[in-house]
Amino acid sequence: MDVGELFGVTLAHRGCQVDLVVFASGHFTHRLTPGGSVLRDIEAFCARIGEVGHGTETVAALRAAYRGHDRVVIVSDMQAFADLSGGRSVPVSEAVPARVPISASIDTGQPNRYEIGGFSDKLFTMIGLLSRDGGRDGRAVWPWEAPSAAA
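Terminal number for the sequence shown in our numbering: 160, no gaps in between.
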């Protein structure tokens, strides 16, 4: 099992309304068992690896699966292939509206786009921090900042 699969399924279990989209050369939505076991859902998820190839077509998956979500979390090695639909290569950071936070291994230097390096249980904490207060003015509010200082 890959740590990305573990993190993705666990994060989806912790969320309220989550679409867990598996992507490679193609993509599909993996349904979790409501109220079910995280370990069983990880096992079911892992059994599906390879169903849609072995590439990393992140932008194509985001464009196809994005349905007005309030945030996007990408768990990937980020060895992405260019998506040339529409005539030009589009970076991952432009695959969803700029107002929608993306947390992933993306280095764009743009507001609402966060690069998180490495995998550990602290990823849950980091995503929570980045999501707190919706990020004022397109930036995260750190725990040590007073609300008035971030406004």
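A virtual CB, placed ideally from N, CA and C, is assigned to each residue, including glycine.
Bear in mind that the values here come from a model prediction, so they are computed numbers and not experimental data.
Rounded straight-line distance, which links the Cα of residue j to that of residue i
i, j, result
"V81", "S112", "6 Å"
"P106", "G45", "32 Å"
"L20", "V30", "12 Å"
"V99", "A70", "12 Å"
"V47", "I83", "19 Å"
Coarse secondary structure for residue i, derived from DSSP in three states
i, result
"S112", "strand"
"E103", "helix"
"T38", "strand"
"V81", "strand"
"F133", "helix"
"V47", "helix"
"R122", "strand"
Beta-carbon gap between residue i and residue j smaller than 9 Å
i, j, result
"D28", "A74", "yes"
"G13", "S129", "no"
"V61", "G24", "no"
Bridge partner(s) assigned by DSSP for residue i
i, result
"L15", "In DSSP, L15 forms no bridge with anything."
Burial state of residue i (16 or more Cβ within 10 Å)
i, result
"P110", "buried"
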